[in-house]
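> Chains as they are written, first to last, in this note's numbering: chain A, 41 to 211; chain B, 41 to 211. By construction, the Cβ of each residue, glycine as well, lies at the ideal position given by its N, Cα and C atoms. Please see the structure below; I have some questions.
2 protein chains.
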Amino acid sequence: MTHTTTLNHVDLEAVAALTEAIRREPEKGATTWRAEVEWRGGFRSEARIRDFAPVPSDEPAGLGGSDSAPNPVEQLLAALGNCLAVGYAANATAAGITLRGLRIDVEGDLDLHTFLGLRPGHAGYEAIRARVEIDADAPVEDLQALHEKVVATSPVGHTLAREIPLEIRLA
Amino acid sequence: MTHTTTLNHVDLEAVAALTEAIRREPEKGATTWRAEVEWRGGFRSEARIRDFAPVPSDEPAGLGGSDSAPNPVEQLLAALGNCLAVGYAANATAAGITLRGLRIDVEGDLDLHTFLGLRPGHAGYEAIRARVEIDADAPVEDLQALHEKVVATSPVGHTLAREIPLEIRLA
């Protein structure tokens, strides 16, 4: 038996153990994630997640902010890129592919008219594009199969590409 | 004329100037935002946005990560909370409402079966909920009107609640 635990520094045994636990007890697959956001004045805010240091958010000066941190729509693109990175690392490791490097450029188009109250409609991204550069010694068809697996299983990717029931309520 | 520029520390004049510029030249409303993600081994990665310090990402140990930072699906919830905070701050200021505090708790339910390859389907959030606490001296109907305006104009909120064309391609 080949030990692939440390390939790409991915703890494949932890992933396998979780997968097996959820296969045995499907209700263990149901997870809930949280973030607590506190407004800091102007367009600045901070998000607290578990015990990690608060992550700051702001808007560029042109949008009325003090430009001290990435803004929320940029954070959304970062979340997608980071999610895809986990997907490629996990699935490459499961397939025995050694990654030398991985870089994901994400961009999205957003028209400000609705956000600024100039017209009703869709205030969000009109389109989001991710361009993935994989540096690995693997046949192109293996990288293509890896890619397809990642696209088929990306939690953030699927959240963006589908309608998600969203409830926003005043306490 | 009342100067409301510093109400809630929001630079309302910058927002008004941008709104007026886009009203005059609608093509100025079209914006593109970017994030560059670099894999750092295991499930760690870093997102670079403009000239800000790279923001780290990781997964909890139970998911095979080294638990050094919030994970991508948590970052997505943070982006929503931060976006709503900008929306409440901007629209409260425009309405002349002084905010003493604002806190937004966001949570989302995600079933891991698809992410772990145990079944095809939807790997993303099944539902996302945000609970908004506003501390302000304003009649409840003004806060309700504020809330409705924010929900109707939230870029991240609309991106999550709608199907967004998403292209993920290998370079």
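With DSSP run on the structure shown, which of helix, strand or coil describes Pro96 (chain B)?
In this structure, Pro96 (chain B) counts as strand in the three-state DSSP scheme.
> To which residues of the same chain is Glu147 (chain B) closer than 6 Å at the C-beta, ignoring the five residues directly before and after it?
Closer than 6 Å at the Cβ level, and outside the excluded window around Glu147 (chain B), lie Arg169.
> In three-state DSSP terms, what is Val55 (chain A)?
It is helical.
> What is the residue span of the beta strand (DSSP E) that Glu86 (chain A) lies within?
Start and end: Ser85 to Arg88.
> By the DSSP assignment, the beta strand (DSSP E) with Asp149 (chain B) in it spans what residues?
Asp149 (chain B) -> beta strand (DSSP E) spans Leu139 to Asp151.
> Classify Asp177 (chain A) as buried or exposed, calling it buried when 16 or more other Cβ atoms lie within 10 Å of its own Cβ.
So Asp177 (chain A) counts as exposed.
> Just to confirm, are Asp91 (chain A) and Ala109 (chain A) a CB contact at a threshold of 8 Å?
No. Outside cutoff.
> Arg171 (chain B) versus chain A: which residues are under 7 Å apart at the beta carbon?
Going along chain A in sequence order, the residues near Arg171 (chain B) (Cβ under 7 Å) are Arg209 and Ala211.
> When Cβ atoms are compared, which residues of the region 106 to 120 of chain A fall closer than 7 Å to chain B?
Within the region 106 to 120 of chain A, the residues whose Cβ lies closer than 7 Å to some Cβ of chain B are Ala109, Pro110, Pro112, Val113, Glu114, Gln115, Leu116, Leu117, Ala118 and Ala119, listed in chain order.
> With 9 Å as the C-beta to C-beta threshold (strictly closer), list the residues of the region 42 to 70 of chain B near chain A in chain order.
Going along the region 42 to 70 of chain B in chain order, one finds Asn48, His49, Val50, Asp51, Leu52, Glu53, Ala54, Val55, Ala56, Ala57, Leu58, Thr59, Ile62, Arg63, Pro66, Lys68, Gly69 and Ala70 with a Cβ nearer than 9 Å to chain A.
> On the DSSP bridge assignment, give the partners of Ala176 (chain B) in chain order.
Partner(s): B:Leu139.
> Does Glu147 (chain A) come within less than 8 Å of chain B when only Cβ atoms are used?
Chain B contact via Cβ: present.
> What separation, rounded to the nearest whole angstrom, lies between the Cα atoms of Lys189 (chain A) and Gly69 (chain A)?
Each residue's alpha carbon lies about 19 Å from the other.
> Considering only C-alpha positions, which residue in the set B:Glu76, B:Glu60, B:Ala192 and B:Ile204 is nearest to Val95 (chain B)?
The shortest Cα separation from Val95 (chain B) among B:Glu76, B:Glu60, B:Ala192 and B:Ile204 belongs to B:Glu76.
> Can you round the beta-carbon distance between Val180 (chain B) and Leu124 (chain B) to whole angstroms, since I take them to be within the 8 Å contact cut?
That belief does not hold up - the Cβ atoms of Val180 (chain B) and Leu124 (chain B) are roughly 19 Å apart, past 8 Å.
> If you compare alpha carbons, which of B:Leu139, B:Arg64, B:Ala56 and B:Gly105 is closest to Trp79 (chain B)?
If we check each option's Cα against that of Trp79 (chain B), B:Gly105 comes out closest.
> Could you tell me whether the Cβ atoms of Gly82 (chain B) and Ala129 (chain A) are closer together than 8 Å?
In this structure, Ala129 (chain A) lies closer than 8 Å to Gly82 (chain B) by Cβ.
> Looking at the C-beta of Ile137 (chain B), does it have a partner C-beta in chain A at a distance below 8 Å?
By this cut-off, Ile137 (chain B) is not an interface position.
> Of all the CB atoms in chain B, is at least one closer than 8 Å to the CB of Glu212 (chain A)?
With chain A running from 41 to 211 in the structure shown, residue 212 (chain A) is simply not present.
> Going by DSSP in three states, Ile204 (chain B) sits in which element: helix, strand or coil?
Residue state, collapsed to three classes: coil.
> At a CB distance below 8 Å, what residues from the region 148 to 165 of chain B approach chain A? Give them in sequence order.
Hits within the stretch, in order: Gly148, Asp149, Leu150, Asp151, Leu152, His153, Thr154, Phe155, Leu156, Gly157, Leu158, Pro160, His162, Ala163, Gly164 and Tyr165.
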